[in-house]
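K.L.:
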Amino acid sequence: MVVTGEMERVFPMDIYPMHLLKACMANDIEKMEQLGIYEVAPEDFALIDYANSSKIEAQAIIRDALDLMYKEVG
Numbered sequence: 000m001v002v003t004g005e006m007e008r009v010f011p012m013d014i015y016p017m018h019l020l021k022a023c024m025a026n027d028i029e030k031m032e033q034l035g036i037y038e039v040a041p042e043d044f045a046l047i048d049y050a051n052s053s054k055i056e057a058q059a060i061i062r063d064a065l066d067l068m069y070k071e072v073g
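Note that numbering that gives the first Met the number 0 has the sequence shown beginning at 0, numbered continuously upward.
So this is what it looks like as structure tokens:
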């Protein structure tokens, strides 16, 4: 993923979606917590899935990361 600022323009919350997605793909639990994984739901990334030119599955990445968090952290 290349940082273009495209995701930040369409994301409705005041977090860094690109950084959060990268932490989720790396399964970096500490970084995900720092970037606000507990404040988002997969549906929050629907507009990114639609508008992003890279066509990554952001909702699926967030869902997998949240599942990992629930399993690891509790």
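Virtual Cβ for every residue (Gly too), placed ideally from N, Cα, C.
Rounded to the nearest angstrom, how far is the Cβ of Met17 from that of Met6, given a contact under 8 Å?
P.N.:
In the sequence shown, the residue the question calls residue 17 occupies position 18. In the sequence shown, the residue the question calls residue 6 occupies position 7. Yes, they are in contact, since the Cβ atoms of Met17 and Met6 sit about 5 Å apart, within 8 Å.
K.L.:
Roughly how many angstroms separate the alpha carbons of Ile36 and Val9, rounded to a whole number?
P.N.:
Within the sequence shown, numbered from 1, the residue matching residue 36 stands at position 37. Within the sequence shown, numbered from 1, the residue matching residue 9 stands at position 10. The C-alpha of Ile36 lies about 18 Å from the C-alpha of Val9.
K.L.:
With 16 other CB atoms within 10 Å as the buried threshold, where does Ala64 fall?
P.N.:
In the sequence shown, counting from the first residue as 1, residue 64 sits at position 65. Its Cβ being crowded by 16 or more others within 10 Å, Ala64 is buried.
K.L.:
By Cβ distance below 8 Å, which residues in the same chain neighbour Glu71 in space, the five residues on each side in sequence not counted?
P.N.:
Along the sequence shown, read from residue 1 onward, the residue named residue 71 stands at position 72. Here the set comprises Ile28.
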